[in-house]
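Everything on this sheet refers to the single structure shown next.
Protein chains: 2
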Amino acid sequence: MSNSLLPYDQLCLRAREVRLIRDMGSTLGWDQETYLPPSGVAWRADQLSWLGAEAHRRFTAPEVGDWIAAAEADPARAAENEAEAELHQANLREWRHDYDLATRLPVALVEEAAQAQAHAKEAWVAARQSSDFSLFAPHLGKLIDISRRKADCWGYETCAYDALLNTYERGTRSDKLEILFNDLRKDLVPLVAEATSHPRSPEDLLAGHYAVEKQQAFNREVAEAVGFDFQAGRIDTTVHPFCTDLGPCDVRLTTRYDESDFRSSLFGVLHEAGHGLYEQGLPPGFRGQPAGDSVSLGVHESQSRLWENHVGRSLAFWEIWLPRAAAHFPHLSRLTPQAMYLAVNHAKRSMIRVEADEVTYDLHIMLRFEIERGIFSGDLTVQDIPGEWNARFHQLMGLAVPSDSQGCLQDIHWSLGGFGYFPTYSLGNLNAAHLFAAAQRQDPAISPALAQGDYAPLLGWLRTQIHQQGRRHLPGDLITRAAGAPVSSEAMLTHLRTRYLS
Amino acid sequence: MSNSLLPYDQLCLRAREVRLIRDMGSTLGWDQETYLPPSGVAWRADQLSWLGAEAHRRFTAPEVGDWIAAAEADPARAAENEAEAELHQANLREWRHDYDLATRLPVALVEEAAQAQAHAKEAWVAARQSSDFSLFAPHLGKLIDISRRKADCWGYETCAYDALLNTYERGTRSDKLEILFNDLRKDLVPLVAEATSHPRSPEDLLAGHYAVEKQQAFNREVAEAVGFDFQAGRIDTTVHPFCTDLGPCDVRLTTRYDESDFRSSLFGVLHEAGHGLYEQGLPPGFRGQPAGDSVSLGVHESQSRLWENHVGRSLAFWEIWLPRAAAHFPHLSRLTPQAMYLAVNHAKRSMIRVEADEVTYDLHIMLRFEIERGIFSGDLTVQDIPGEWNARFHQLMGLAVPSDSQGCLQDIHWSLGGFGYFPTYSLGNLNAAHLFAAAQRQDPAISPALAQGDYAPLLGWLRTQIHQQGRRHLPGDLITRAAGAPVSSEAMLTHLRTRYLS
């Protein structure tokens, strides 16, 4: 029966099946992070690799290439009108990209990478524990070599690093990123110096006990208020918070709790809920099609940062939410919204990226971006990394790195072969500020609504401009179309100045 | 590479893969019962049917039949010694059985059954709600017809019902079951009359508040004490308690909580932990092979009933556990172990099977067994069911059935096409008593250990005699070998008399 379908429709069917399989993997992965008994890990690993292989085999099958080529040759054939034809064009563009990425790597290279990553991750854990870079260095060298060979398979215009960047942020080039980041850096370094020079946080006013169940109740109120749909999602507890979408109506957030400080779980939930709102806002009925998928890491991160930092850490937010927080944690009623606003916006230079505040965070990323570029351009060798890291860190942050475990060994990403991933974090921050400013400019109802604790106008704007677009446009184009201008460091710097220097 | 393997080894590989897939289905099913957000159901249903189809396709593939036939022709070929040859024989016997069962049904009949069940379940829910049997009757008729056709495909010696029974309890014949149940019934009916005639339960001594977290803590202590391994298992909360094994080291129990009565969750956990101990005790390294699988529903239920009723409701148990329960629920310190023993062993005639105590439970099953036999022998039609049910229920239990929703519409099983399932509950009860008596007889250390709260000797006996046997023997043979005699009603009746009449 299915042989009589048009190639485009065949693609839709196959893509849906592949996504169905991948979503099972996500579900089993979620279970592994949340509830799997320790002894169940080995069987689970076999299941995940079985699902991975099945999805890969189905997506990279020769007939898929034939269907894409046939549909490309006559893209309007399966479309009923112009809007549908446009949608099909976008789907085909993205399927072509994904198919080429997936099929250009020889199986032997994929297997070599998986093996090398497994060993590298283990070596990284040991190296970080003993702060001994030499344990990790040979593995890192191997992973860099593999990534370089992958880049060669995928192809690139000017530098291998771009091919890697493109697996996370389609259409991004490192020379463009460099300009963007340099712009930011120029103003950010003095801004950090000023913002961290005068301690203004009444931290001790927050001291008290925050029972997990009360944090959970408060977090849920907040997540519901910003629009997270608990009929199609939930929040669980994990060591490392994340958001994962297990299906078109099944988005799961996780967070962790510190009973001496509610901020970690609350802002964790707001961050992950930002990711979750994006997933819940994708156009329904397109699961498996690029048109129904999130567009890139840098756009995804913009959604999480927007809700976490621009909404959740604003004074307007705490005007509304301080009394509600105090209903759960009565000792907070001693604070004013202004005091709480200061307490949740405290800038401080620090060693560890994942603990950094929104002012210093991007300096951590720039360091990693520069080192990754240096490695793939050939300017840096693996052996250079610790020294370069420490020198550049001191230059950017003004702090001496006491040990590699607090320096170049702190992140897991490289041990997973994730070169080119880090820049998407800063891109996310820049996009968040850029979009938030544009949204308020374009829809004058958004700011007054936020002051009333009404998040629907802002969410509505994001739904239309970002979420419902899926992968119809490349990430950079999507941001430009939504905000009316390409992303720059301007909105971010304005935001940080307003929040930290006034 | 795998083409150079012996047929037996091919079978092992394929069976492992099929089990890996089925275990993913179990995991996704567990998630659906525990944590899946309501809107995620549709996508999940698609995933479950995809996995079901993949597992079925792989197990029923023609090459599997060829491998079985080739291995049957030369069963010792892949075995290194006699013990291994015996194991292979057992695996082949069971693979042959499973393969024939799975391949003898035409695909059209399987699809017709799935369709009919989906409609029947919906109709059953509506019929039960309005207590209107006529809503369910046409669907039930259809399911009976389908089951009869399935039985014809599978084949049977004397009656179609036996073919259905055999899908749950391999090697069982309804005429043998009838003798067993009639034996039980003869003494059970007067025993019920006597046991329910004098109320002896000091129920109100239990009145009090049982916070969920405290019940959870106490239940966990008990489950750990009887040997349930929380490194390879866990307990969650569901509306309907169950036990499911998601992998060789991943067994998940569920229970539900009533904050006015701890008994429902505790005995629920002990019951499901009994199932779980069986799964955790299966021989490791054989996942997917019959030798590594549980043998039948009637043996599975014997394990749950043994721990729930014979261990958990015994006086010896409460001598140990009353003080520990009182540590969580201080008001229980008013009770003596004897009073608690009476409170957890209260016989009462009632309408609903799932709420029945261990004295009256089997009368509910006999009723269903008789009606199922009547239907498949042709003595009863669908229209006869309500009348027959009510008349026989009155005869067995001495109670008038006020409505079909409390009568023949109370169970979900028939709406799922599960004819022949009910008898395994009573078989489980009989097996439990039979095995528990044999264990104590064979190993004199068991009873004194139980009196000390040491469950290891009993568990050790069950591990050796039952769990580690997998499906090496047919269920009836397994019980006979373990207990030294075929199952009869003797041990069960002795147990009930001792507990309820003395």
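Chains as they are written, first to last, in the working numbering: chain A, 393 to 894; chain B, 393 to 894. We treat Cβ as the ideally placed atom computed from N, Cα and C, and that holds for glycine.
query = How big is the Cα-Cα spacing for A/ALA518 and A/GLU478?
reply = For this step, residue 518 of chain A is matched to residue 126 along the first sequence. For this step, residue 478 of chain A is matched to residue 86 along the first sequence. So the two alpha carbons sit approximately 51 angstroms from each other.
query = So, is the C-beta of B/GLU409 closer than 9 angstroms to a C-beta in chain A?
reply = Indexing the second sequence from 1 puts residue 409 of chain B at position 17. Yes, contact with chain A.
ask   = Hey, which unbroken runs of the beta strand (DSSP E) at 3 residues or more fall wholly within the stretch 804 to 847 of chain B?
value = Entirely contained in the stretch 804 to 847 of chain B, not one beta strand (DSSP E) run reaches 3 residues.
ask   = With 9 angstroms set as the bound, which would you pick, yes or no: does the beta-carbon of B/THR895 sit closer than that to a beta-carbon of chain A?
value = Coverage of chain B is limited to positions 393 through 894, which leaves residue 895 of chain B absent and any answer about it impossible.
query = Do you know offhand how far A/GLY417's Cα is from B/ASN823's?
reply = For this step, residue 417 of chain A is matched to residue 25 along the first sequence. For this step, residue 823 of chain B is matched to residue 431 along the second sequence. Roughly 40 angstroms between the two C-alpha positions.
query = Exposed or buried, which one is A/VAL793 when buried takes at least 16 other CB atoms within 10 Å?
reply = Position 401 of the first sequence holds residue 793 of chain A. If you draw a 10 Å sphere on the C-beta of A/VAL793, you find 16 or more other C-beta atoms in it, and that means buried.
message = Whole angstroms are fine: how far does the CA of B/PHE811 sit from the CA of B/HIS511?
response = Taking the second sequence and counting its residues from 1, one reaches residue 511 of chain B at position 119. Taking the second sequence and counting its residues from 1, one reaches residue 811 of chain B at position 419. The straight-line gap from Cα to Cα measures roughly 17 angstroms.
ask   = Is the CB-CB distance between A/PHE620 and A/GLY668 below 9 angstroms?
value = Locating residue 620 of chain A in the first sequence gives position 228, where the first residue counts as 1. Locating residue 668 of chain A in the first sequence gives position 276, where the first residue counts as 1. Contact annotation: A/PHE620 and A/GLY668 have beta-carbon atoms nearer than 9 angstroms.
key: Own chain, CB closer than 8 angstroms to B/ALA508, minus 5 neighbours either side, in chain order   = As a working note, residue 508 of chain B is residue 116 in the second sequence. Same-chain partners within the cutoff: HIS531, LYS534, LEU535, ILE538 and GLY809.
query = Count the other CB atoms within 10 Å of the CB of A/ILE838; is the residue buried (16 or more) or exposed (fewer)?
reply = In the first sequence, the residue the question calls residue 838 of chain A occupies position 446. Under a 10 Å Cβ-count criterion, A/ILE838 is classified as buried, with 16 or more other Cβ atoms of the shown protein chains found around its own Cβ.
task = For B/PRO430, count neighbouring Cβ atoms within 10 angstroms of its own Cβ and tell me buried if that reaches 16, exposed if not.
result = By 1-based counting over the second sequence, the position of residue 430 of chain B is 38. Burial call: exposed.
request  = Under 9 angstroms between beta-carbons, which chain A residues line up against B/PHE610? List them in chain order, please.
outcome  = For the purposes of this step, residue 610 of chain B is taken as the residue at position 218 of the second sequence. What B/PHE610 touches in chain A: nothing, since even the nearest Cβ is about 20 angstroms away.
inquiry  = I want to see whether chain A comes within less than 9 angstroms of B/CYS635, judged by CB atoms only; does it?
reply    = For the purposes of this step, residue 635 of chain B is taken as the residue at position 243 of the second sequence. No, because no Cβ of chain A sits closer than 9 angstroms to the Cβ of B/CYS635.
message = Contact between the stretch 791 to 807 of chain A and the stretch 825 to 845 of chain A is defined here as three or more beta-carbon pairs at a separation below 8 angstroms; is this criterion met?
response = Touching, no.
query = Can you name, in chain order, every residue of its own chain whose Cβ lies under 6 angstroms from the Cβ of A/VAL879, other than the five neighbours on each side?
reply = Along the first sequence, one-based indexing puts residue 879 of chain A at 487. Sequence-distant Cβ neighbours of A/VAL879 in its own chain, meaning closer than 6 angstroms and more than five residues away, are LEU822, ASN823, HIS826 and ILE871.
ask   = So which residues of chain A does B/MET416 contact, with C-beta pairs closer than 7 angstroms?
value = Counting from one through the second sequence, the residue named residue 416 of chain B turns up at place 24. Result: MET416, LEU420 and GLN439.
message = Please report the straight-line C-alpha distance between A/ASP846 and A/VAL746, rounded to a whole angstrom.
response = As a position in the first sequence, residue 846 of chain A is number 454, starting the count at 1. As a position in the first sequence, residue 746 of chain A is number 354, starting the count at 1. When rounded, the separation of the alpha-carbon atoms in A/ASP846 and A/VAL746 is 30 angstroms.
ask   = What is the DSSP secondary structure of B/ARG909, counted as helix, strand or coil?
value = This structure gives no information on residue 909 of chain B, because the portion of chain B shown stretches from 393 to 894.
inquiry  = Whether or not the stretch 403 to 420 of chain B and the stretch 861 to 876 of chain A are in contact is what I'm after, with contact meaning three or more pairs of Cβ atoms, one per stretch, closer than 8 angstroms; do they touch?
reply    = Touching, no, given that fewer than three Cβ pairs across the two stretches are closer than 8 angstroms.
inquiry  = Our contact map puts A/LEU819 next to A/GLY690 with C-beta atoms below 8 angstroms; I'd like the distance itself, whole angstroms only.
reply    = Along the first sequence, one-based indexing puts residue 819 of chain A at 427. Along the first sequence, one-based indexing puts residue 690 of chain A at 298. Between A/LEU819 and A/GLY690 the beta-carbon gap is near 3 angstroms, inside 8 angstroms, which marks them as a contact.
key: Neighbourhood of A/VAL581 by C-beta, 8 angstroms cutoff - its chain only, sequence neighbours within 5 removed   = Numbered from 1 along the first sequence, position 189 holds the residue referred to as residue 581 of chain A. These residues qualify, in order along the chain: LEU755 and LEU788.
inquiry  = Quick check on A/GLN802: buried or exposed, where buried means 16 or more other Cβ atoms within 10 Å of its Cβ?
reply    = Counted from its first residue, the first sequence places residue 802 of chain A at position 410. A/GLN802 should be labelled buried.
key: First and last residue of the uninterrupted beta strand (DSSP E) at A/LEU893   = Residue mapping note: residue 893 of chain A aligns to position 501 of the first sequence, counting from 1. Premise fails: A/LEU893 is in no beta strand (DSSP E) and is neither H nor E.
ask   = Is it right to say B/ALA376 is buried, meaning 16 or more other beta carbons lie within 10 angstroms of its own, or is it exposed?
value = Nothing can be reported for residue 376 of chain B: it is not among the residues displayed for chain B, which extend from 393 to 894.
ask   = Using a C-beta cutoff of 9 angstroms, does B/LEU669 count as contacting chain A?
value = Numbered from its first residue, the second sequence carries residue 669 of chain B at position 277. No, B/LEU669 does not count as interfacial toward chain A.
task = Determine which residues share a DSSP beta bridge with A/GLY639 and list them.
result = Residue 639 of chain A sits at position 247 when you count from the first residue of the first sequence. Paired residue(s): A/ASP642.
9 angstroms Cβ cut-off: residues of chain B touching A/CYS641 = For the purposes of this step, residue 641 of chain A is identified with residue 249 of the first sequence, where counting begins at 1. Within chain B, PRO429, PRO430, SER431, GLY432, VAL433, ALA434 and TRP435 have C-beta atoms less than 9 angstroms from the C-beta of A/CYS641, given in sequence order.
Given A/TYR400 as reference, the closest of A/GLY790, A/ARG436, A/ARG562 and A/ALA462 once Cα atoms are compared = Counting from one through the first sequence, the residue named residue 400 of chain A turns up at place 8. Per the C-alpha coordinates, the member of A/GLY790, A/ARG436, A/ARG562 and A/ALA462 positioned closest to A/TYR400 is A/ALA462.
query = Contact between the stretch 657 to 666 of chain B and the stretch 687 to 706 of chain B: three or more CB pairs below 8 angstroms?
reply = Cβ pair count under 8 angstroms is three or more, so yes.
message = Against chain A, does B/GLN681 count as a neighbour if the rule is that its beta carbon must be under 9 angstroms from one of theirs?
response = On the second sequence, residue 681 of chain B is found 289 positions in, with the first residue counted as 1. Contacts with chain A at 9 angstroms (Cβ-Cβ) do not include B/GLN681.
query = Roughly how many whole angstroms lie between the Cα atoms of B/ALA495 and B/LEU405?
reply = Along the second sequence, one-based indexing puts residue 495 of chain B at 103. Along the second sequence, one-based indexing puts residue 405 of chain B at 13. The identity of residue 495 of chain B in the sequence shown is Thr, whereas the question assumes Ala. Looking at the backbone, the Cα of B/THR495 and that of B/LEU405 are separated by about 19 angstroms.
query = How big is the Cα-Cα spacing for A/GLU586 and A/GLU750?
reply = The sequence position of residue 586 of chain A within the first sequence is 194, counting from 1. The sequence position of residue 750 of chain A within the first sequence is 358, counting from 1. Between the C-alpha atoms of A/GLU586 and A/GLU750 there is a straight-line separation of about 14 angstroms.
ask   = From which residue to which residue does the beta strand (DSSP E) around B/THR626 run?
value = Looking up residue 626 of chain B in the second sequence gives position 234. The sequence shown places Arg at residue 626 of chain B, rather than the Thr named in the question. Run containing B/ARG626: 625 to 629, per the beta strand (DSSP E) assignment.
task = Give me whichever residues DSSP pairs with A/THR647 in a beta bridge.
result = Translated into the one-based positions of the first sequence, residue 647 of chain A becomes position 255. DSSP lists A/THR629 as the beta-bridge partner residues of A/THR647.
inquiry  = Using 9 angstroms as the threshold, is the C-beta distance between B/ARG414 and B/ALA447 below it?
reply    = Residue 414 of chain B sits at position 22 when you count from the first residue of the second sequence. Residue 447 of chain B sits at position 55 when you count from the first residue of the second sequence. Yes, they are a contact pair.
message = Taking the alpha-carbon of A/GLU570 as reference, which of A/ARG760, A/SER694, A/ASP835 and A/GLU476 has the nearest alpha-carbon?
response = In the first sequence, the residue the question calls residue 570 of chain A occupies position 178. Check the Cα spacing between A/GLU570 and each of A/ARG760, A/SER694, A/ASP835 and A/GLU476: the tightest is with A/ARG760.
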